Every structure is written in structure tokens, then in C-alpha cells.
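Student: As given, the protein sequences belong to chains G and U, one line each in that order.
Note that UniProt numbering numbers the first sequence so that position 134 is 134, with each residue one more than the last.
Note that UniProt numbering numbers the second sequence so that position 13 is 13, with each residue one more than the last.
Where a beta carbon is used, it is the ideal one built from N, C-alpha and C, also for glycine.
Remember, predicted model here, so these are calculated numbers, not experimental data.
If you scroll down you'll find the structure; I have some questions about it.
Number of protein chains: 2
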Amino acid sequence: MEKLLVIKIGGNVIDNPEALDRFLSSFASLPQHKILIHGGGKIATQVAEKLGIETLMVDGRRITDEAMLNVVTMVYGGLVNKTIVGKLQQKDSNAIGLTGADAAVIKARKRPVKEIDYGFVGDVAAVNSDQLSAFLHGGLVPIIAPLTFDPASGSMLNTNADTMASSVAVALAAQFEVNLVYCFEKKGVLSDPTNDDAVIPQIAPSAYQAYKAEGVINKGMIPKLDNAFAALQNGVAKVTICHADQLATAVNDGSAGTQLINE
Amino acid sequence: MEKLLVIKIGGNVIDNPEALDRFLSSFASLPQHKILIHGGGKIATQVAEKLGIETLMVDGRRITDEAMLNVVTMVYGGLVNKTIVGKLQQKDSNAIGLTGADAAVIKARKRPVKEIDYGFVGDVAAVNSDQLSAFLHGGLVPIIAPLTFDPASGSMLNTNADTMASSVAVALAAQFEVNLVYCFEKKGVLSDPTNDDAVIPQIAPSAYQAYKAEGVINKGMIPKLDNAFAALQNGVAKVTICHADQLATAVNDGSAGTQLINE
Numbered sequence: 001m002e003k004l005l006v007i008k009i010g011g012n013v014i015d016n017p018e019a020l021d022r023f024l025s026s027f028a029s030l031p032q033h034k035i036l037i038h039g040g041g042k043i044a045t046q047v048a049e050k051l052g053i054e055t056l057m058v059d060g061r062r063i064t065d066e067a068m069l070n071v072v073t074m075v076y077g078g079l080v081n082k083t084i085v086g087k088l089q090q091k092d093s094n095a096i097g098l099t100g101a102d103a104a105v106i107k108a109r110k111r112p113v114k115e116i117d118y119g120f121v122g123d124v125a126a127v128n129s130d131q132l133s134a135f136l137h138g139g140l141v142p143i144i145a146p147l148t149f150d151p152a153s154g155s156m157l158n159t160n161a162d163t164m165a166s167s168v169a170v171a172l173a174a175q176f177e178v179n180l181v182y183c184f185e186k187k188g189v190l191s192d193p194t195n196d197d198a199v200i201p202q203i204a205p206s207a208y209q210a211y212k213a214e215g216v217i218n219k220g221m222i223p224k225l226d227n228a229f230a231a232l233q234n235g236v237a238k239v240t241i242c243h244a245d246q247l248a249t250a251v252n253d254g255s256a257g258t259q260l261i262n263e
Numbered sequence: 001m002e003k004l005l006v007i008k009i010g011g012n013v014i015d016n017p018e019a020l021d022r023f024l025s026s027f028a029s030l031p032q033h034k035i036l037i038h039g040g041g042k043i044a045t046q047v048a049e050k051l052g053i054e055t056l057m058v059d060g061r062r063i064t065d066e067a068m069l070n071v072v073t074m075v076y077g078g079l080v081n082k083t084i085v086g087k088l089q090q091k092d093s094n095a096i097g098l099t100g101a102d103a104a105v106i107k108a109r110k111r112p113v114k115e116i117d118y119g120f121v122g123d124v125a126a127v128n129s130d131q132l133s134a135f136l137h138g139g140l141v142p143i144i145a146p147l148t149f150d151p152a153s154g155s156m157l158n159t160n161a162d163t164m165a166s167s168v169a170v171a172l173a174a175q176f177e178v179n180l181v182y183c184f185e186k187k188g189v190l191s192d193p194t195n196d197d198a199v200i201p202q203i204a205p206s207a208y209q210a211y212k213a214e215g216v217i218n219k220g221m222i223p224k225l226d227n228a229f230a231a232l233q234n235g236v237a238k239v240t241i242c243h244a245d246q247l248a249t250a251v252n253d254g255s256a257g258t259q260l261i262n263e
């Protein structure tokens, strides 16, 4: 089975041009088939503010009315995505920027209104793995913005990049041996949040439950790890969580970051 | 030889949601291989104004400093491009949005500074016709924003959509029988600018020279027609200039718009 890296890069790295450039150099150097899913960063909030559009967040998720949808479509689908694509092309990586609407690679459903109306926010409904596979076999490197679309209305939908990454990884696991890699600004999952070097090298599901029960792993890491373990249980071969600067080391020999493994 | 439509849609139609929707329905209905190149419209100027960035135009061309480059990358590459792609997907057309940087489909050179420094403005250097052809044969409909890129720096470059359309048409003329179609808000090239129905049905190069000498054709139409005749002299089978609402009629039976033909 051919190998595939599905790599997610978070917003904090995107907000820092030097860190982003280091990450993209490392990403470009990896010889495997690969897909990058990027977050949005703080630029959308800054642009919205300048345009006089108020940002409302609930549990870290952006409420996306029509004006905010236009902002994230501009910033994520335009500025952030094309900046990354241009930089990768300059580094001889044949990047192609995509939202879920492009070639219909990721269809979604607008999130139903329950206690909170998130607005134009999408939950992934279907990943077109044949199309992504065709791009990969055509020598292309898909760079996916955190935007999906509703095929019924044609509307773009703001979508969480972490869940997009795990959905893409799971969908491609039938055709590739997939390593899903979450890159962010920490060295991995920490056993002590005050010590940046206290990286847990490996976590199996039973240990994860124990860490959660003890409160060692909490808050923002829980949805990320829930996503990651779900991917592992659905055919993804390996999940890695690492610092953006340690991508190559984490992928090539596993000596950096946290590896999530099946029991 | 397979047929290919290379269609350019101008900014005035993009600024009008109803007109854009009518045009896209018509575009989606055409069964041929097709590529759409879209202009930017006035949204970039409006967004720039709200962001406190001044718009400077020289001879109808936008001076593009770094702040303005970010605006056009957001608006053309994000908002306008993805809005079109989403609408076409909703109309069952398998659209894929591209800038020149995506899959390196259109490389450019930053325009040299002479009397005027246009800033981050690109002149097309190379069209990757094999990649565009692969997309077409893969059942995709490329939707190209008026942005190219400089492979040496990785920088996006603001680029005139008319010249991008003729460059794409010429590059693909070796592999396809290309009909290049310029859609705008007039019914064609007019023999009397005060009479919207005075459409000249056909123009050959000698007649074009005569019309220019008499002043029948002038101003903004001249660069457009110079581009169009250059395409015709470089392998493009047919050039059509028509109203956005008459796309299907102009393409299917030639009874609308102006056809440019070789002598």
C-alpha cells in the first residue's frame, strides 16, 4: 500500500511568517504523497474587525453569519491558502489550493441549530477520496482550506480544520497507508502543561482514558485527541501530534512528538 | 480535435448577483470542455476602502502594492472565485477554482518598472497546458481568478483577466479547437456606441484596422480586440465577444455577439 501523509497545521503557525516558512520548507522536503489542511489563524478576526464585523466565539468556535462567511472565504480560501500555495511552489512542491467546493472534494451539511446557531458552519458529510487520490497520483499536493460546501445551496461553510483532517485521513485510509499528523506550537501531548518538554511519546486508548480521568489531558486537547483516536479506529495507520518545527523528525523516525497507537 | 471553450467573464457581471447567476446557469449548461477566467469586479475596491487602503488606477490598471495584493488575493482568489465555484457545483458543474499558483498553471513575471511602478502585477510567462488539459480530461471545469504567480519568489501577482484568457486560449490551441469567448455587458462590438443593438456580427483584421482608423472602435475596446486578434493569429479557432446573457446563443449558433475571424 502506498503511504500518504495527511498533515494539519494550526493557526498559531500561520500567524507567524517565519514559523510558517520553516514549516513549509520541512513539508516540501517530505517525499511521500501528502495533503496539507490548514487552519485560519487570527487574520480573519483582524480583517473582520477592520471591516466592522464583530467576531463571536462559542467554545472556541466562530459564529459565522453571512458577513463573517465572506471574511473567512476571503481570508482562509484566498489569502492564507494562496500564500501557502505560492510559497510551496517556490519550494518546488506542486501545491494546489482547494476548499471543499473545488472539484467537490469535501461536501458538508450546515450544522443544525440546537442551543446555538453557529450560522454557516459545516459538518463534513463526504470526502471525495477518488478525486484526492487522482490529484496525488497526478503529482499534486492538495492544500485544503478550512472551508467545505453544501451541495444543495452551493454555499461555502466554515469548518474546523482538525475534523477536516481526520475525515480526509479516514476517507483515504482505504487506498493508502495514512499517517495523520497534527502540527502545532507544542512538542506533543504533555504530561505536565507547565513543562514544554514533558512530551508523552506514545498513547494507547486505555492510557488516554486514564490521562483524562487524572486530568493530565484536558481542555483544548480533548476534542483534538478524540478526533485523532476516532481516525485510528477507522483505518488510519498512525496519528502523530508534534511541533511544527519537528515535522520531518516526527514523520521520518518517530523520535519527536506523541504517537497515538492502537492497543 | 476536441473542442474547448475558454470564456472570460467581466467584472460588471460579477458585481451583479442576479446577472452572475444567469450567466453561470448558462455556462453550466454548455456540454463542451470549458475554462472560465473571471475578472475581479468592484468588490476589491470596496474591501480595500473599508480596510483603509487607497485604490490607485492608471489607465484602468490597478497599482498593486503589498497591502493591495493581499486584498486582491482575498477577494479574487477567495471570495469571488469560491462563490463562483460553489454556485457551479450547485448547478452540477464540477468546477475547480485556481489561481496561476495552483498546480503552477500560469507562471508570470512581475512587470518591470518603467514610467509607472504597477507593483505586484504580473505578465503571463507560461501556461501549463498539459495540467489544464489533464483537469479537463478528468472531468473538471477550471475557474481561474485573475492572479498569477512568480515562481522565483512564490509571490502572487495581480493580472489582467483579458490577457490571461487569451494566453490560456493560445496555449491550449495545440491540443484543442478553441473558441475564446469574451462575455461582458454589451451585445458585442458596436458600430455605434450610442446604440446597444448596433452589433457588428463579424470582423476580420483588415476591417478592424479600418474601424480603428475611422474611430468606430476606440478606447477600452482596442486592448481587448488587440488581444483577441492576437489569439486568432496564434492558433485559436474562433473569438466571440458577446453579452453575458447571450453566451449559449453566441457559442451554439453564432447568431449573437461579434465573431472575430481571420481574413
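Whose C-beta lies closer than 6 Å to the C-beta of G/Lys107 among residues of the same chain, with five residues either side of it excluded?
Tutor: Ala125, Ala126, Pro151
Student: So what's G/Asp21 in DSSP terms, helix, strand or just coil?
Tutor: helix
Student: At a CB distance below 8 Å, what residues from the stretch 57-80 of chain U approach chain G? Give them in sequence order.
Tutor: Asn70, Thr73, Met74, Val75, Tyr76, Gly77, Gly78, Leu79
Student: Classify U/Gln89 as helix, strand or coil using the three-state DSSP reduction.
Tutor: helix
Student: Am I right that U/Phe229 and U/Pro205 are in contact with their C-beta atoms under 8 Å? What's the rounded C-beta distance?
Tutor: 6 Å
Student: With 7 Å as the limit, tell me which residues of the stretch 192-211 of chain G have their beta carbon closer than that to any beta carbon of chain U; keep them in chain order.
Tutor: Listed in sequence order: no entries.
Student: Run through DSSP, which three-state label would residue 264 of chain G get?
Tutor: Absent from the structure is residue 264 of chain G, since the part of chain G shown begins at 1 and ends at 263.
Student: Mind checking G/Asn81: buried by the 16 CB within 10 Å criterion, or exposed?
Tutor: buried
Student: Does the distance from the CB of G/Gln32 to the CB of G/Lys3 come in under 7 Å?
Tutor: yes
Student: For chain G, check one thing: does any of its Cβ atoms lie closer than 7 Å to the Cβ of U/Gln90?
Tutor: Yes, its Cβ sits closer than 7 Å to a Cβ of chain G.
Student: Give the single residue among U/Thr83, U/Thr73, U/Met164, U/Asp197 whose Cα lies nearest to the Cα of U/Pro17.
Tutor: U/Thr83
Student: Can you give the Cα-Cα distance for U/Ile96 and U/Lys87, rounded to whole angstroms?
Tutor: 11 Å
Student: Does DSSP classify G/Asn70 as helix, strand or coil?
Tutor: helix
Student: Reducing DSSP to helix, strand and coil, say where U/Ile193 ends up.
Tutor: According to the sequence as given, residue 193 of chain U is Pro; it is not Ile. Looking at U/Pro193 - three-state DSSP - the assignment turns out to be coil, as it is neither helix nor strand.
Student: At least one CB of chain G closer than 7 Å to the CB of U/Met1: is that the case?
Tutor: no
Student: Could you say if the stretch 181-189 of chain G and the stretch 130-149 of chain G meet the contact criterion of at least three C-beta pairs nearer than 8 Å?
Tutor: no
Student: According to DSSP, is U/Met164 helix, strand or coil?
Tutor: In the three-state reduction of the DSSP assignment, U/Met164 falls in the helix class.
Student: What residues of chain U sit near G/Ser153, judged by a beta carbon separation below 9 Å?
Tutor: Gly86, Gln90
Student: Taking only beta-carbon atoms, is G/Gly122 less than 7 Å away from chain U?
Tutor: no
Student: Sort U/Asn195, U/Phe149, U/Ser129, U/Asp117 by Cα distance to U/Arg61 and report the nearest one.
Tutor: U/Asp117
Student: Is the shortest distance between the beta-carbon of G/Thr99 and the beta-carbons of chain U less than 7 Å?
Tutor: Taking Cβ atoms only, chain U reaches closer than 7 Å to G/Thr99, which makes this a yes.
Student: What distance in whole Å lies between the Cβ atoms of U/Leu5 and U/Leu30, which are believed to be in contact at a cut-off of 8 Å?
Tutor: 6 Å
Student: Given that U/Met156 touches chain G, what residues does it touch there, using C-beta distances under 8 Å?
Tutor: Lys82, Thr83, Gly86
Student: Output needed for G/Lys224: all residues of its chain with C-beta closer than 6 Å, excluding positions within five of it in sequence on either side, in chain order.
Tutor: Cβ within range, chain order: Asp162.
Student: For the alpha helix (DSSP H) holding G/Val251, just list the boundary residues, first then last.
Tutor: 247-252
Student: According to the neighbour-count rule (16 or more other Cβ atoms, all chains shown, within 10 Å of its Cβ), is G/Ala101 buried or exposed?
Tutor: With 16 or more other Cβ atoms within 10 Å, it is buried.
Student: Give me the chain U residues within the contact set of G/Gly138, using Cβ-Cβ distance strictly less than 7 Å, ordered along the chain.
Tutor: Within chain U, Ala134 have C-beta atoms less than 7 Å from the C-beta of G/Gly138, given in sequence order.
Student: When DSSP builds the beta bridges, which residues end up paired with G/Thr45?
Tutor: DSSP lists no partner for G/Thr45.
Student: Using a Cβ-Cβ cutoff of 8 Å, what residues of the stretch 41-56 of chain U are near chain G? List them in chain order.
Tutor: So the list reads Val47, Lys50, Leu51, Gly52, given in the order they occur along the chain.
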